Structures are given as structure tokens and as C-alpha cells.
Amino acid sequence: MIVPMKKAKLVVMKDDKERLLQSLQKAGVFMPIPLPDGEPADDAAQEEALLQRAQKSLSLIKRFREKEGLARELTIVGEDDFVNLDPRSQEMLSEIEGIDSRIAELEAENRALAEQMNYFLPWRDLDIKLSDLSKTKHTIFHTGFIKAGKKEDLQLAVLEAGGEIKELGTGPEGLAFIFVNYIQDDASVMEKAKAMGFIEVSLPQTERFPAEIISEKEEMIKNNREEIEKLRERLASIAKEAEKIEVLNDQLATIGELKKAPVKNLLETVYLEGWVRSDQTDEFKKAIDRATDLYDLELTDPAPEDKPPTVTKNNKFVTPFEAITDMFSRPSLNDIDPNPAMSFWFWIIFGMMMGDVGYGVLMFAVFFALIKLRKPKGDGLKLYKLLLYSSITTVFWGVMFGSYFGYTWNPILLEPMKDLTFYLNFSLMIGAFHVITGVIAAAYANIKKGNWLDALFDQFSWVLVILGIVIWVLPGFLADPKLAFLLRYKTVGMALAITGAAIILLTAGRSKKGIFGKLFGGLLSLYNITGYASDILSYSRIMALSLSTAIIAYVMNLLAEMVMGGFFGYIIAVLIYLIGHIFNLVMGLLSAYVHDSRLQYIEFFGKFYEGGGEKFVPLSYKLKYIDRIKDQDANQQEVY
Amino acid sequence: MSEGLLIAIIGASAAAILAGLGSAIGVQMGGKASAGVCSENPDLFGKLLILQALPGTQGIYGFIVAIMVMIKLGLFSGNPATLTVGEGWAYFGACMPIAIVGLISAIMQAKTAVSAIHMTAKQPDASAKGMTMTAMVETYAILALLASVLLVLGL
Numbered sequence: 001m002i003v004p005m006k007k008a009k010l011v012v013m014k015d016d017k018e019r020l021l022q023s024l025q026k027a028g029v030f031m032p033i034p035l036p037d038g039e040p041a042d043d044a045a046q047e048e049a050l051l052q053r054a055q056k057s058l059s060l061i062k063r064f065r066e067k068e069g070l071a072r073e074l075t076i077v078g079e080d081d082f083v084n085l086d087p088r089s090q091e092m093l094s095e096i097e098g099i100d101s102r103i104a105e106l107e108a109e110n111r112a113l114a115e116q117m118n119y120f121l122p123w124r125d126l127d128i129k130l131s132d133l134s135k136t137k138h139t140i141f142h143t144g145f146i147k148a149g150k151k152e153d154l155q156l157a158v159l160e161a162g163g164e165i166k167e168l169g170t171g172p173e174g175l176a177f178i179f180v181n182y183i184q185d186d187a188s189v190m191e192k193a194k195a196m197g198f199i200e201v202s203l204p205q206t207e208r209f210p211a212e213i214i215s216e217k218e219e220m221i222k223n224n225r226e227e228i229e230k231l232r233e234r235l236a237s238i239a240k241e242a243e244k245i246e247v248l249n250d251q252l253a254t255i256g257e258l259k260k261a262p263v264k265n266l267l268e269t270v271y272l273e274g275w276v277r278s279d280q281t282d283e284f285k286k287a288i289d290r291a292t293d294l295y296d297l298e299l300t301d302p303a304p305e306d307k308p309p310t311v312t313k314n315n316k317f318v319t320p321f322e323a324i325t326d327m328f329s330r331p332s333l334n335d336i337d338p339n340p341a342m343s344f345w346f347w348i349i350f351g352m353m354m355g356d357v358g359y360g361v362l363m364f365a366v367f368f369a370l371i372k373l374r375k376p377k378g379d380g381l382k383l384y385k386l387l388l389y390s391s392i393t394t395v396f397w398g399v400m401f402g403s404y405f406g407y408t409w410n411p412i413l414l415e416p417m418k419d420l421t422f423y424l425n426f427s428l429m430i431g432a433f434h435v436i437t438g439v440i441a442a443a444y445a446n447i448k449k450g451n452w453l454d455a456l457f458d459q460f461s462w463v464l465v466i467l468g469i470v471i472w473v474l475p476g477f478l479a480d481p482k483l484a485f486l487l488r489y490k491t492v493g494m495a496l497a498i499t500g501a502a503i504i505l506l507t508a509g510r511s512k513k514g515i516f517g518k519l520f521g522g523l524l525s526l527y528n529i530t531g532y533a534s535d536i537l538s539y540s541r542i543m544a545l546s547l548s549t550a551i552i553a554y555v556m557n558l559l560a561e562m563v564m565g566g567f568f569g570y571i572i573a574v575l576i577y578l579i580g581h582i583f584n585l586v587m588g589l590l591s592a593y594v595h596d597s598r599l600q601y602i603e604f605f606g607k608f609y610e611g612g613g614e615k616f617v618p619l620s621y622k623l624k625y626i627d628r629i630k631d632q633d634a635n636q637q638e639v640y
Numbered sequence: 641m642s643e644g645l646l647i648a649i650i651g652a653s654a655a656a657i658l659a660g661l662g663s664a665i666g667v668q669m670g671g672k673a674s675a676g677v678c679s680e681n682p683d684l685f686g687k688l689l690i691l692q693a694l695p696g697t698q699g700i701y702g703f704i705v706a707i708m709v710m711i712k713l714g715l716f717s718g719n720p721a722t723l724t725v726g727e728g729w730a731y732f733g734a735c736m737p738i739a740i741v742g743l744i745s746a747i748m749q750a751k752t753a754v755s756a757i758h759m760t761a762k763q764p765d766a767s768a769k770g771m772t773m774t775a776m777v778e779t780y781a782i783l784a785l786l787a788s789v790l791l792v793l794g795l
């Protein structure tokens, strides 16, 4: 059911603004709407900046946090602890940021040091202080690199001229050499050396040995690494308190939300406008009373030009399935709530597509455990519940098909891999009834608006046609003995279909002008039968998906049986059973979810549902990490 | 082994090969797009994985038809049927719908999936819409699977 909305117009004194907004946020029943010349209640820039820092810090310490066990602990925070910011959490932020920037600094330093070290590495074995490599009276030193292939040529050139040469380490540009020439021969030797591709390098003039410089840099790098390690340990110890930052995150998001609430500041007062669910007006009034007794409130029904948000309220079974509709589009004001009818069909069709007792039991166990242990909230919880409920129909259809982990035992209705024609027939019949439900929903919407005749002419007629054709044609179409009893009612079906078609032919063109226009409109509308036919044929996917689950299960069993025998044979067989069936279950769940949704969206919703409604987002606590806030007021209220 | 059986086996192999190839290409396309989006927004991984997996079903369909032919021909029982050349070609023909449609529809579906992945990157809430759009393409693979299955069993 779609909950009607009330528009609230509220005026309070300026001094009460903050208290009122806090009280409303706590109650979480009021959705403020932006006003044409309004503005945010306060400047939330500070909170937003802090929120970004909190999120960055959380991602920085994420990898240092202890892994959660299988079961998730709920984060429950007391009301006072939530309302008041803990100064320690903000200190933690600065501390984490400090450590992070220090680590970045040290890492940059280490990169620079490593580069310098690499520069000296080829010269490690040079046992002369670098400052001694200068010109002497008769000789001149050269240091540089040459490609390995020209090594001998260089040595020869230097020795021929009476110089000395020594090979050192390997660098990026080739082999490192140092040699000394007499000053008078230097120019000619160097000319030869350059021609061989010798690259001269002038080393910095320090009074130290290269090996000394290298070990010094190594030492510095090592020290830096140790400091980084210590800082990481520090982060890990801060990470133990990460929950504090998570709470801070939610607090900041909540305060930011409050400050961004749209209001209109008048001279002495503040004006707010927004939506309240009609079943929550009492809570709304109570929340205002808690904040102030000086206010003016007006609650009205939405005006025709308004676009109120939509909220659907359904029973425990239907609620999880709302997620399916909401993913498509929320109901708009013109729609009826599609969820009650949709949830039933989604549930039934999902079970058919899976159709195995073993898989149903496995689904139940897995999703039950997930809900109990992981304690999901919001849409995640809805999805798990939806799959948990669908495990029941999976078991049901599994029994009908006699399918137990791909083994067949006592099928009651049919055996998917044997009774193919019957199964196809049966899927189309389910489809016909699903489509008929959609048409009836359209009729219901018309009746609700008071258009009785439209419901009769445009929808009831089609129900007759589809139902008639199902009874008339389908049993004979694929000639199945199990549906043979329906053949007796063939004439009834024919009569129904013809009556329906006659109504359409005579009435569908009623808005057209002239007798020919009316007749032509009727004929044209009758042509829609092809649309209905293709809609119903689309349900053959129920059979196809169910069959593919069944066949893969069968193949996995076959493979496992093939290798069975002997100790290792049994181990491999067990592995094939496990991996094969888990794979099949996961793929089956994916296909069933996607194709069942599609059948609802296209074939079912297409008949009556428009969507396009907005989500109801009340001003409330924004809890991402916190699961629940203990309400200390509740106890006090009992005392008074 | 009779010549007919040989032709039937080639048909079954074609179903598994072509549809499998299509899916491999399709899932690869989806995976590349998802990896790109994930580098920007790792939280979307779950939603993207579903979109990536969608073009993977054609390979399964081809595999199913191949297995059905094998069962029908008694290849698992170690006592293969003897087929005439005509019967062999009939099996070959029965495998063609899922072989050809599987190959092409998987790639086409992957193109839609890639667009849906990009849409999800910009609007994470729209992933269900993208899923539905992508699943629309699969309809024809399902129809081809049904045609092949009914043909194989009808023979």
C-alpha cells in the first residue's frame, strides 16, 4: 500500500531553530523540501571538510585493522556519546595524518637516497678519495663508462700511451673505468676513447671513498625503514580504536545533514516546509513539542501540482521484495502499489527457475546464516531476506520436479529433463496467469480512479481473451497427456476468447469519431494480441533456466560418479560434487534473479505500472557504521 | 564409429565451442570495462561483477545442448548409437541455433553490458536498469537454447 503524504508548513522562532531541527532529525519523520528563496540552515563546510578527513583516515588504517570474525558485532552507541563529539577522535585524525605524511616523507627520502647510492655503486671498489682524483703535475685522471664490447680497445689505447687503467663495477651506461694519462698524451687518448663511445663522468669532489658514501647512504635508508616500521606499528595500535573514527564519521555526516536542511529565514522566525507520512503525524508533532511550544504548524493534503515522495508500507513478507520494484522505479502518485502482487509472482517464479530441493536447503542455510552473523542493514538485508524466502519456493518446486541436487526421486508434477513439452506448456501457462494478474492490476487501478467502464472494456476483455486462449489452444498445442483434461473445456475457452475479442472489437475504438473510426480502433486494438503472445512466450525462459540448472547438476553428478572408486577417486568425487554444485547454485541464483526481475519489469509492470516516484528521505541520523543508538530518553519517559 | 555419429558429434562440439567462445569474448569485454570502473570506485565491484557475468550464460547453454546430444547418443553409456548420415546431419542442424545465436548474442549482450557498466559507474543506483537492458539481449539466446533442446529431444 502507498502511504498518503501530508505537507507540513512550520514556523518557529529563530532561537528554537537548532533545537527543532535536532529533535526532528532524531525522530526521522520529516522530509524538508528546498524552498524557492530558502537557504541551508547553517554552514556545513567545516563538517564536510572534517568528514573527508575522517574517511581518508579510515582508508589509511584499513589494512592495519584486525580481521573481523565470521560474525559481525553490532556497533551500538549511547545517545549522549552520539550527540557529543569525542575530542579524542579528532586527535586521532591529526595523529593518523601526521604519521601518514611522515611515512610519505621518509619514503621520498629513501627514494632519493637510493638514487644517490646507485650513482656511486659502480665506483664502490675505487680505493682513492674522490678529491684526490684531480690533476697532478704530469698526469690527469678520467672516470667514465664504456660499452662492454669496447673494453679491450680502451684498455689498449690507454696502456699504449703509457697510462694506467682499472676496471670497476657495472653501471647503467656500461662498465665503469678509471684511467690516468700523461698530460701530453691526454688529448690524443681521449679522442680515441670518445670515438669508442666512452662517456666521461666527473665524480663529486669530496674527501671520502665511494664505499664510505655508499655505506652511509645504506645506513640512512635502513634507519628510515626502521622509522617507517615503527610508524606503521603506531598506526596499527591506533587502528584498534578505529571504531571511534567510524562513530565520528557518522556524527559528522549527521551534523552536516542537519546543517544542510533547507529553511527560509524570516525576520524573527524560521519557515520550514516538507513532507510527513500521514501515519507519522503524531510522532512529528511530538518531535516539535519536545523542541518548543511556540510554533505554528499546518498539515495539508498535497496540492495537485505537488510531487510528494512515495513510501510503500507492506507486511513482513512483501517488504523485502520492495527492493526489486525500487530498483526499477518507485511508484508515483498515479500508481497502485505493485509490490503485493509482484512479490508473490517473483517468489513463485524464482523457485521454479531454481527448482531443486538441495539447492533450496543450501540457500536457506546460507542466507539464514548471513542474516544472523553479518547482521546486514538496509537494501542488503532486503536482498538476503528475499533470497531466504525464495529458498522455500525453491524447495517446493524441487519436490514438484523430484530434483534433489540433480538426482531425480519421485517427481510429483513433472521431470524437467524428460517432460520437456509439458514443462514448456506449464511455463507458458504460469506466464499467462502472471500477465493476467498484471491486466487485473490495471483494471484495479482504473476502478480505483472510478473508471469502471475502462476496466471492463480495456482490461476485463483481455483477461477473457488470454484465459480463453489458454484453455482453448494451449493444451492441444503441444498435446500433453497431463493437460488432456483441459481439452474437455475447449469450447468454454473458445467462448471466453471470442466474447473477450468481441468486447474489444466493439469498444476499444469508443473514443474515436465516426463509425469507421470506432470499428478500425477496435480492430487495431485486437492486434495487441501479438504483444500478449510474445509476452507469454517470454516465460519459456522459466523452463530454459530451470533446465539449465538441472542439466548442469546432472553433469556434475555424472562426472563425480565417473571418477568414484578407490581412495583418491572418492576425494576427487567429493570435490567435484562440492565445486560443481556451488558453481551451479551461484550461476543459477544470478540467472534466476536477473530473469525473474526482467519478467516483473517488462512483462508484468508493462501492463499497469508507470513508476517515477521519488524516494522519501526524511531528515534523520546518517548511520553508516553505527547500527543502533541506544535511546536514553525512552527510559526517562517511563519514569516521568 | 558411423559417419552419422561423427557429424552429430561435430554439431555438439560446435554448440559448445561457438557459444563458449562468444561468452568468453563477452565476459572478457565486461571484465575490462569493470576493471576500469573499479580502479575509480572499488565499492561497485559487486554490482559490476553481476553485469560482467551476464554474457557468460550463452557458454553454459551451448554446453547444455552438447551434453544433451551426448546423452541422447549414448556416449556416456559406452554404447554409442549408430546413425545414418541423414540422422547425423539432423543432430548437427539441431545444434546450430544455440551455436550461432549463442556466439553472436553473447558478444552483443556484452556490448550492452559494457554500456550498463559505464552507466553504473556514473549512477550506481541504476545498475538494476542496466541489468534488465542486458538481459533483454539474452532472450534470443534462451529462445535458441529452447529450439536446440526441443529439436535434439525430438529427434
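Just so you know, the protein sequences line up as chains S and F, in that order.
At position 557 of the first sequence the residue is numbered 557 (the working numbering), and the sequence of numbers has no breaks.
In the working numbering, each residue's number is its place in the second sequence (first place is 1) plus 640.
From the three backbone atoms N, C-alpha and C, an ideal C-beta is built for every residue, glycine too.
Remember, it's a predicted structure, so these values are computed and weren't measured experimentally.
With 16 as the cutoff for other CB atoms within 10 Å, does residue i come out buried or exposed?
{"i": "S/S59", "result": "exposed"}
{"i": "F/V725", "result": "exposed"}
{"i": "S/R330", "result": "buried"}
{"i": "S/M562", "result": "exposed"}
{"i": "S/N118", "result": "exposed"}
{"i": "S/P475", "result": "buried"}
{"i": "S/W472", "result": "buried"}
{"i": "F/L717", "result": "Reading the sequence as shown, one finds Ser at residue 717 of chain F and not Leu. The residue is exposed, with fewer than 16 neighbouring Cβ atoms inside 10 Å."}
{"i": "S/Q636", "result": "Any reading at S/Q636 needs caution, since the residue's pLDDT is 42, under 50, leaving its predicted position unreliable; the model's value is listed next. With fewer than 16 Cβ atoms within 10 Å of its Cβ, S/Q636 is classed as exposed."}
{"i": "S/F568", "result": "exposed"}
{"i": "S/N683", "result": "This structure does not reach residue 683 of chain S, given that chain S is present from 1 up to 640, and the question cannot be answered."}
{"i": "S/F583", "result": "exposed"}
Is the Cβ of residue i closer than 7 Å to any Cβ of chain S?
{"i": "F/T752", "result": "no"}
{"i": "F/L785", "result": "yes"}
{"i": "F/L793", "result": "yes"}
{"i": "F/I657", "result": "no"}
{"i": "F/A693", "result": "yes"}
Which same chain residues end up closer than 6 Å to residue i when comparing Cβ atoms and leaving out the 5 residues on each side of it in sequence?
{"i": "S/P308", "result": "M5, W275, P302"}
{"i": "S/I140", "result": "N181, I183, D186"}
{"i": "F/L694", "result": "A753, T774"}
{"i": "F/M759", "result": "A766, G770"}
Determine whether the Cβ of residue i lies closer than 7 Å to any Cβ atom of chain F.
{"i": "S/S540", "result": "yes"}
{"i": "S/I392", "result": "no"}
{"i": "S/Y271", "result": "no"}
{"i": "S/L420", "result": "yes"}
{"i": "S/E638", "result": "Residue confidence is low: S/E638 scores 36 on pLDDT, short of 50, so the model does not pin down where it sits. No coordinate-derived value is stated."}
{"i": "S/Y625", "result": "no"}
{"i": "S/A544", "result": "yes"}
Tell me which residues share the same chain as residue i and place their Cβ nearer than 7 Å to its Cβ, disregarding the 5 neighbours each side in the sequence.
{"i": "S/A114", "result": "I221"}
{"i": "S/G38", "result": "P262, V263, K264"}
{"i": "S/V318", "result": "N339, P340, S343"}
{"i": "S/E638", "result": "Reliability of the predicted coordinates at S/E638 is poor, the pLDDT of 36 falling under 50, and no value is obtained from them."}
In chain order, what residues of the same chain lie with their CB nearer than 8 Å to the CB of residue i, ignoring the 5 residues before and after it?
{"i": "S/V617", "result": "M31, P309"}
{"i": "S/I629", "result": "I76, V77, G78, E79, F82, Y621, L623"}
{"i": "S/G606", "result": "G438, D535"}
{"i": "S/A441", "result": "I336, P338, A341, K607, F608, Y609"}
{"i": "S/K285", "result": "L297"}
What does DSSP give as the partner residue(s) for residue i in the beta ladder?
{"i": "S/M5", "result": "S/R277"}
{"i": "S/E662", "result": "Since the first residue of chain S shown is 1 and the last is 640, residue 662 of chain S is not available in this structure."}
{"i": "S/L175", "result": "S/I146, S/T170"}
{"i": "S/P40", "result": "S/P262"}
{"i": "S/I76", "result": "S/R628"}
Taking C-alpha atoms, which residue in the options lies nearest to residue i?
{"i": "S/S597", "options": "S/R541, S/L575, S/N584", "result": "S/R541"}
{"i": "S/L506", "options": "S/P411, S/S461, S/G531, S/K26", "result": "S/S461"}
{"i": "S/A486", "options": "S/L231, S/M429, S/F401", "result": "First, the residue type needs correcting, since residue 486 of chain S is Leu and not Ala in the sequence shown. Among S/L231, S/M429, S/F401, the Cα nearest to that of S/L486 belongs to S/M429."}
{"i": "S/L383", "options": "S/F367, S/R63, S/L519", "result": "S/F367"}
{"i": "S/L467", "options": "S/I447, S/G256, S/G500, S/D16", "result": "S/G500"}
{"i": "S/A544", "options": "S/V361, S/D458, S/M353", "result": "S/M353"}
{"i": "S/G174", "options": "S/T408, S/G144, S/Y407, S/A112", "result": "S/G144"}
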